[in-house]
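First comes the structure, then the notes that go with it.
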Amino acid sequence: MMRRILTSLLIASTGAGLLGLAGCGEREQTAHYEDGRYRGKPDTPPYMAAPFGGDVMKYENAMRTRAQNQNEYNRID
Amino acid sequence: MRNSSILSAAAVWVATLSLAGAAVAQTPALNPEDAQRARAQQQRQRTQPGNDAPVWRDVRYGEPKVSAVRGRETDVLIQSEGQTWRAARVPMATTGGFVFALALLGILGFYLWRGPIELTEPPTGRRIERFTRAQRIMHWTLAIAFTTLGVTGLIITFGKNVLLPVFGYSVFSVVAMAAKILHNFVGPVFVVLLPIMIVMFLKSNLFKSYDWPWIKRFGGMMDRTGRSEVPSGKANAGQKILFWLMLVAVGITAAITGLILDFPNFDQTRQTMQIANGIHMVAGIGGVILLAFHIYLGTVGMRGAYDAMRHGYVDESWAKQHHRIWYEDVMSGKASHGDRPVKVVEPGRGAA
Amino acid sequence: MARMKFICDAERCIECNSCVVACKQEHNIPWGVNRRRVVTLNDGVPGERSISAACMHCSDAPCMAVCPVDCFYKTADGVVLHDKDLCIGCGYCFYACPFGAPQFPQDGAFGLRGKMDKCTFCAGGPEPDGSEAEFQKYGRNRLAEGKLPACAEMCSTKALLGGDGDVLADIYRQRAMARGKGSEVWGWATAYGRPEGKPSAPRPQDKPGPKAPANGNGGKS
Ligand code: SF4
Ligand code: SF4
Numbered sequence: 001m002m003r004r005i006l007t008s009l010l011i012a013s014t015g016a017g018l019l020g021l022a023g024c025g026e027r028e029q030t031a032h033y034e035d036g037r038y039r040g041k042p043d044t045p046p047y048m049a050a051p052f053g054g055d056v057m058k059y060e061n062a063m064r065t066r067a068q069n070q071n072e073y074n075r076i077d
Numbered sequence: 078m079r080n081s082s083i084l085s086a087a088a089v090w091v092a093t094l095s096l097a098g099a100a101v102a103q104t105p106a107l108n109p110e111d112a113q114r115a116r117a118q119q120q121r122q123r124t125q126p127g128n129d130a131p132v133w134r135d136v137r138y139g140e141p142k143v144s145a146v147r148g149r150e151t152d153v154l155i156q157s158e159g160q161t162w163r164a165a166r167v168p169m170a171t172t173g174g175f176v177f178a179l180a181l182l183g184i185l186g187f188y189l190w191r192g193p194i195e196l197t198e199p200p201t202g203r204r205i206e207r208f209t210r211a212q213r214i215m216h217w218t219l220a221i222a223f224t225t226l227g228v229t230g231l232i233i234t235f236g237k238n239v240l241l242p243v244f245g246y247s248v249f250s251v252v253a254m255a256a257k258i259l260h261n262f263v264g265p266v267f268v269v270l271l272p273i274m275i276v277m278f279l280k281s282n283l284f285k286s287y288d289w290p291w292i293k294r295f296g297g298m299m300d301r302t303g304r305s306e307v308p309s310g311k312a313n314a315g316q317k318i319l320f321w322l323m324l325v326a327v328g329i330t331a332a333i334t335g336l337i338l339d340f341p342n343f344d345q346t347r348q349t350m351q352i353a354n355g356i357h358m359v360a361g362i363g364g365v366i367l368l369a370f371h372i373y374l375g376t377v378g379m380r381g382a383y384d385a386m387r388h389g390y391v392d393e394s395w396a397k398q399h400h401r402i403w404y405e406d407v408m409s410g411k412a413s414h415g416d417r418p419v420k421v422v423e424p425g426r427g428a429a
Numbered sequence: 430m431a432r433m434k435f436i437c438d439a440e441r442c443i444e445c446n447s448c449v450v451a452c453k454q455e456h457n458i459p460w461g462v463n464r465r466r467v468v469t470l471n472d473g474v475p476g477e478r479s480i481s482a483a484c485m486h487c488s489d490a491p492c493m494a495v496c497p498v499d500c501f502y503k504t505a506d507g508v509v510l511h512d513k514d515l516c517i518g519c520g521y522c523f524y525a526c527p528f529g530a531p532q533f534p535q536d537g538a539f540g541l542r543g544k545m546d547k548c549t550f551c552a553g554g555p556e557p558d559g560s561e562a563e564f565q566k567y568g569r570n571r572l573a574e575g576k577l578p579a580c581a582e583m584c585s586t587k588a589l590l591g592g593d594g595d596v597l598a599d600i601y602r603q604r605a606m607a608r609g610k611g612s613e614v615w616g617w618a619t620a621y622g623r624p625e626g627k628p629s630a631p632r633p634q635d636k637p638g639p640k641a642p643a644n645g646n647g648g649k650s
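Residue numbers (my numbering), protein chains in the order written: chain A, 1 to 77; chain B, 78 to 429; chain C, 430 to 650.
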């Protein structure tokens, strides 16, 4: 009886250890970034916020204009 | 009059000194190599204004420069070693995980094939004191610490691949957080206990001439009848090897590297911590493998072994079968626990 | 989609550390944490150059790869963000990051690390954009307000630029043209240096010539 319990215990723990083998197949360590593709946890994209109301084009254009503000050759003259 | 001239002289003196001090402080203290690189840039901007190639090359050396922001290595712009560490972690963890899994498989296989090592003679009822109270308390404290560190370490290392897909992000994060805190706080306890444990068990784990035959025949453990066990002292050669590997080699390595990682407030550099982390990981995986063997043989693997550490006493037959030389020493009064002889309780009497 | 980037012009950075201050101010960053810093090379001698550095939002981010709880994510804009609710403060990302970007508030005993904090490209975190919870944990979400990172936008010399990589490249290209080595702006010889001693082409400020093009965004609008 005791022996049976011990055997099953041992088999169970080894099974758990074997499950651990899955860890050896280490997932790829590189973060695949495809340009413009969202990869990650749930998070609202910035263009969903109030000023843009989900309009991606509006957001992109605003960003581009804003970035061009950093170009002082556009501002002098 | 005289007083004021002395005063003004002193004032001039102080002013001169502080000016000189300020000048010294302002003089850039470039080491020769940095000065060399600065000259390269000076040369370059004379010949090719706007070309900063020497500066950018300098950046890639990853050496400390100057930054007004205080903090750890804020003056290093780029450190490349992190990438090396990242790349090295994967094969190390993979190999380590495989070896650990194989070891577990090996133990299971051994158990299925051999079964527990049973007593070959019926117990006589005469009980011999194998471990003192202090030794047992020490053993169990360290055992709990070691196991906690092993399990939490495994969670931190392999949890991302093994537990995360099962538990999901939030639950696994809580588990990993608990693991990290336990690991970081039990670690120093382990470091304190380890040397005491080593000193306490050192004497019985020094190698003797009779250990060699034991090693050569693996203690007769492969004989399923259990009748060809090689005589051994209080600890057999296998236990001695375990002592030196698990406590001395792995324990001390993990303790030193662990302290480096656990107390990041001494401004050790990232490179120090990367190297410490790598060594710690190897030592840790080695540790849990040895721990698995030890737990197996101390519980299900050998009848009576657990009781020896739990209650401190073993049956005469057990001692005779597994540690013949020690048994004979006890009987002849040669064996002792520190400064007192080993207690032997006759059948029918309660333990001391 | 945009690919958000920072670039720091070493020819322009004057080590005023305003970006460092602006960042701290914008996000209410706790004491001892600096998401951005300025490093000076050849300090105090001719040839001195300063470079402002923070998280560079790597494409193949080492921090992301080593995090044991996988708390990082990448937005469609290419910004690397992390979830502080998941972070366990192990410090692995700090070991791996080439730029020393991850920071840890060390308020516990013995240097116990708190939750990791790093530059978010002013894009907040997983909480609802502009919410109080997001501000408390990650600071302001300027991208959701249609703005770019505070450090870059307020840089007085415009050494530090932030935004879509394509736009920045255009701005920088125009600038390099204006710096004036004409045809020499391009090519390996300039990028990797030429034999020393060979004189460079005369610079525009030395000779009368055409002004920099007024709109240099490379044909894109
Ligand atoms: S924290 Fe470091 S490694 Fe991670 S994306 Fe930023 S710069 Fe790259
Ligand atoms: S400190 Fe936090 S973010 Fe960094 S690797 Fe550890 S868990 Fe991940």
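We put the beta carbon where it would ideally sit given N, CA and C, even for glycine.
Tell me, which residues are paired with residue i by DSSP?
i	result
Arg66 (chain A)	Partner(s): none; Arg66 (chain A) has no beta bridge.
Thr469 (chain C)	B:Val143 and C:Ser479
Leu510 (chain C)	C:Tyr502
Met379 (chain B)	B:Ile194
Arg417 (chain B)	B:His414
Leu590 (chain C)	C:Ile436
Asp546 (chain C)	C:Gln532
Asp392 (chain B)	B:Arg204
Ala552 (chain C)	C:Asn570
Val422 (chain B)	B:Arg204
Just confirm the distance between the C-beta atoms of residue i and residue j, as a whole number of angstroms; I'd bet it's less than 8 Å.
i	j	result
Ala332 (chain B)	Phe267 (chain B)	7 Å
Ala581 (chain C)	Phe435 (chain C)	7 Å
Arg569 (chain C)	Cys551 (chain C)	6 Å
Trp403 (chain B)	Lys311 (chain B)	4 Å
Arg66 (chain A)	Ala505 (chain C)	About 17 Å separates the two Cβ atoms, so there is no contact after all.
Thr14 (chain A)	Leu182 (chain B)	7 Å
Val596 (chain C)	Arg39 (chain A)	Not quite, the Cβ-Cβ distance comes to about 23 Å (not below 8 Å), so this is no contact.
His260 (chain B)	Thr234 (chain B)	The Cβ separation is near 11 Å, so there is no contact.
Tyr287 (chain B)	Ser309 (chain B)	7 Å
Met408 (chain B)	Pro193 (chain B)	Actually they do not touch by this definition, with Cβ atoms about 26 Å apart.
Is residue i near ligand 2, going by C-beta to nearest heavy atom under 8 Å?
i	result
Lys544 (chain C)	yes
Tyr502 (chain C)	no
Val407 (chain B)	no
Tyr521 (chain C)	yes
Cys448 (chain C)	no
Ile318 (chain B)	no
Ile517 (chain C)	yes
For residue i, which residues of its own chain have a beta-carbon under 8 Å away from its beta-carbon, when the five flanking residues on both sides are left out?
i	result
Glu574 (chain C)	Gly559
Pro465 (chain C)	The amino acid at residue 465 (chain C) is misidentified as Pro; the sequence shows Arg. Only Cys448, Val449, Cys452, Ser481, Ala482, Ala483, Cys548 and Cys580 meet the Cβ criterion.
Gly375 (chain B)	Ala382, Tyr383 and Met386
Ala180 (chain B)	Ile366, Ala369 and Phe370
Ala428 (chain B)	Since pLDDT at Ala428 (chain B) reaches only 49, below the 50 mark, its modelled position is unreliable, and the value read off the structure follows with that caveat. Hits under 8 Å: Arg204, His388, Gly389, Tyr390 and Val422.
Pro265 (chain B)	Leu336 and Asp339
Any heavy atom of ligand 1 inside 8 Å of the beta-carbon of residue i?
i	result
Pro141 (chain B)	no
Ala382 (chain B)	no
Val509 (chain C)	yes
Cys437 (chain C)	no
Ala530 (chain C)	yes
Cys580 (chain C)	no
Closer than 8 Å: is that where the CB of residue i sits relative to any heavy atom of ligand 4?
i	result
Phe533 (chain C)	No copy of ligand 4 appears in this structure; the ligands present are ligand 1 and ligand 2.
Please list, in chain order, all residues of the same chain as residue i whose beta carbon is under 7 Å from its beta carbon, the five residues on each side excluded.
i	result
Val143 (chain B)	Asp152
Pro46 (chain A)	Tyr59
Enumerate in chain order the residues of its own chain whose CB-to-CB distance from residue i is below 6 Å, with the five nearest sequence positions on each side excluded.
i	result
Asp438 (chain C)	Ala588
Gln103 (chain B)	Its pLDDT being 49, under 50, Gln103 (chain B) is placed unreliably in this model, and the value from its coordinates should be taken loosely. Cβ within range, chain order: n/a, list empty.
Asn646 (chain C)	Model confidence at Asn646 (chain C) stands at a pLDDT of 42, short of 50, so the residue's coordinates are unreliable; what they give is reported in the following sentence. Same-chain partners within the cutoff: Asp599.
Cys516 (chain C)	Cys500, Lys544 and Met545
Ser394 (chain B)	Leu196, Glu198, Pro200 and Thr201
Q. Got a sec: which bits of the region 49-73 of chain A sit with their beta carbon under 9 Å from any beta carbon on chain B, in order along the chain?
A. none
**Q.** Residues from the region 226-252 of chain B in contact with chain C, defined by Cβ distance under 8 Å
**A.** Ile233, Thr234, Gly236, Lys237, Leu241, Tyr246, Ser247, Phe249 and Ser250
Q: Name, going along the chain, the residues of the region 323-348 of chain B whose beta-carbon falls closer than 7 Å to a beta-carbon of chain C.
A: Phe340, Pro341, Asn342 and Arg347
Q: Identify each residue in the region 557-580 of chain C for which the Cβ-Cβ distance to at least one residue of chain B is less than 8 Å, and report them in chain order.
A: none
Q: Could you list the residues in the region 175-186 of chain B with a C-beta less than 8 Å from some C-beta on chain A, going in chain order?
A: Phe175, Phe177, Ala178, Leu181, Leu182, Ile184 and Leu185
Q) Closer than 7 Å, Cβ to any Cβ of chain B: which residues of the region 465-493 of chain C, in chain order? A) Arg466, Val467, Val468, Thr469, Leu470, Asn471, Asp472, Gly473, Val474, Pro475, Gly476, Arg478, Ile480, Ala482 and Pro491
Q. What residues from the region 142-153 of chain B come within 9 Å of chain C, judged by C-beta to C-beta, listed N to C?
A. Lys142, Val143, Ser144, Ala145, Val146, Arg147, Gly148, Arg149, Glu150, Thr151, Asp152 and Val153
(Q) What are the residues in the region 156-171 of chain B lying within 7 Å of chain C by C-beta distance? (A) Gln156, Ser157, Gly159, Gln160, Trp162, Arg163 and Arg166
Q. When you check each C-beta in the region 308-320 of chain B against every C-beta of chain C, which residues fall closer than 8 Å?
A. none
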